[in-house]
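Q: Just passing along the structure, written as structure tokens.
Numbering (this note's numbering), first residue to last: -16 to 308.
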């Protein structure tokens, strides 16, 4: 039998044909990645977030530099409340494209929600360098500065947020808080009123409005605001502020009741303890000092306050002076 030995050239041609069928072109690879991304977006539209995550993950295995996939995964984790995973995804997105506003803003937002406020401030500033007219970035940067006790730094961004979106209650509330902390109480009340026109105010905002009224001597308005708040959401702070406003109106018995209500909710509320002491001592003095029980209870209340917070020079002075009467 005669053996037929293929020529070398024929083997190479055959091998090339076989390999050619296995090699994926760049165009085919890109089409497959786009298909994965399209399927992920379709799953999102259907609310199938687990399936969307899987498709985004497969796409990233093919190409780790897909900002669409990183943003998609980040938004899913964000909406689920897993801010740590969301932060990592948005961080990766900013590395892929440092000038992508959404990636930068949402990274800052996740840092903010995770309590990394200083990092959030830096990231919000970077986002605003990309888009200075972003309402949400101006709004959230103002809020972050307020959280760090920097109302002066917050003010510019809070103002701009209200200009960019006058219908944002949160932006007006931030602006009002800035003005209050800076001692501009008239402007604060105006901003709180703008916020109130956009819907019911949250408890901290109502407390801020009441405090601004108190600072301006508008005690009746403060009392009305606090009464409305307490009907919906009783708190030691609201009762204490109500007691303070009533004390300023010389309604000492009413003030005393509300300071005591505050202490039922928080026995360590030093402002309420001090308020009880001041009311009782005032009633004692104005009653011609005929009820020593009031004096003794006032002194005891101040002593309790100093146990909770010893660094109160004014209360120490009151205790020293009135212990002698």
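By construction, the Cβ of each residue, glycine as well, lies at the ideal position given by its N, Cα and C atoms.
Could you give the uninterrupted runs of the alpha helix (DSSP H) lying entirely in the stretch 230 to 261, keeping only those of 4 residues or more?
A: 235 to 248
Q: Check for me: the alpha helix (DSSP H) holding residue 311 runs from which residue to which?
A: Outside the shown range of the chain (-16 to 308) lies residue 311, about which nothing can therefore be said.
Q: Does the stretch 241 to 250 touch the stretch 263 to 271, meaning 3 or more C-beta pairs lie closer than 8 angstroms?
A: Too few Cβ pairs lie closer than 8 angstroms, so no.
Q: Using CA coordinates, which residue listed in 210, 218, 215, 216 is at the minimum distance from residue 237?
A: 210
Q: Could you say which of 37, 216, 306 lies nearest to residue 59 if we only look at CA atoms?
A: 37
Q: With a 10 Å radius around its C-beta and 16 neighbouring C-beta atoms as the bar for buried, classify residue 140 as buried or exposed.
A: buried
Q: Since residue 111 is in the alpha helix (DSSP H), which residue starts that stretch and which ends it?
A: 100 to 113
Q: Using alpha carbons as the reference points, say which of 245, 13, 282, 35 lies closest to residue 218.
A: 245
Q: Quick one: measure Cβ to Cβ for residue 193 and residue 185, integer angstroms, because I've assumed they're closer than 8 angstroms.
A: Incorrect: roughly 13 angstroms between the Cβ atoms, too far for contact.
Q: Under 6 angstroms Cβ to Cβ from residue 4, same chain only, skipping five residues before and after it: list those, please.
A: Note that residue 4 has pLDDT 48, beneath the 50 cutoff, so the model's placement of it is unreliable and the number below is only indicative. Excluding sequence neighbours, residue 4 sits near nothing in its chain.
Q: Cutting at 6 angstroms between CB atoms, please list the residues of its own chain near residue 309, excluding the five before and the five after it.
A: Within the shown structure, residues of the chain are numbered from -16 to 308, placing residue 309 beyond reach of any answer.
Q: Quick check on residue 268: does DSSP put it in helix, strand or coil?
A: helix
Q: Quick one: any contact between the stretch 271 to 281 and the stretch 291 to 298, if contact means 3 or more CB pairs under 8 angstroms?
A: no
Q: Determine the direct distance from the alpha carbon of residue 79 to that of residue 44, and round the result to whole angstroms.
A: Between residue 44 and residue 79, the alpha-carbon positions lie close to 15 angstroms from each other.
Q: Straight-line CA distance for residue 97 to residue 292?
A: 30 angstroms
Q: In its own chain, which residues sit with a C-beta less than 6 angstroms from the C-beta of residue 171, not counting the 5 before and 5 after it?
A: 159, 162, 163, 195
Q: Let me confirm a value: residue 258 is counted as buried when at least 16 other C-beta atoms fall within 10 Å, else exposed. Which label applies?
A: Buried: at least 16 other Cβ atoms inside 10 Å.
Q: Does the distance from the C-beta atom of residue 52 to that of residue 73 stay below 8 angstroms?
A: no
Q: Could you give the residue range of the alpha helix (DSSP H) that holds residue 275?
A: 275 to 291
Q: Rounded C-beta distance between residue 50 and residue 83? I'm assuming under 8 angstroms.
A: 6 angstroms
Q: Can you look up residue 187 in the DSSP assignment and give me helix, strand or coil?
A: helix
Q: Classify residue 202: buried if its beta carbon has 16 or more other beta carbons within 10 angstroms, exposed otherwise.
A: buried
Q: So what's residue 65 in DSSP terms, helix, strand or just coil?
A: coil
Q: Would you tell me roughly how many angstroms separate the C-alpha atoms of residue 303 and residue 176, rounded to the nearest one?
A: 43 angstroms
Q: Have a look at 132, 106, 105, 151 and flag the residue whose alpha-carbon is nearest the alpha-carbon of residue 122.
A: Nearest Cα to residue 122 within the set 132, 106, 105, 151: 151.
Q: Report the three-state DSSP secondary structure of residue 154 (helix, strand or coil).
A: helix
Q: With a threshold of 16 other CB atoms inside 10 Å of the CB of residue 101, please say whether the residue is buried or exposed.
A: exposed
Q: Using DSSP with H/G/I as helix, E/B as strand and the rest coil, what is residue 295?
A: coil
Q: Cβ atoms of residue 144 and residue 125: under 8 angstroms apart, would you say?
A: yes
Q: CA-CA distance, residue 95 and residue 220?
A: 26 angstroms
Q: Do residue 223 and residue 235 have their C-beta atoms within less than 8 angstroms of each other?
A: no
Q: In whole angstroms, what separates the C-alpha of residue 226 from that of residue 99?
A: 36 angstroms
Q: What is the rounded straight-line gap between the Cα of residue 263 and the Cα of residue 256?
A: When the Cα atoms are used, residue 263 and residue 256 turn out to be separated by approximately 11 angstroms.
Q: May I ask which residues mark the beginning and end of the alpha helix (DSSP H) holding residue 85?
A: 84 to 96
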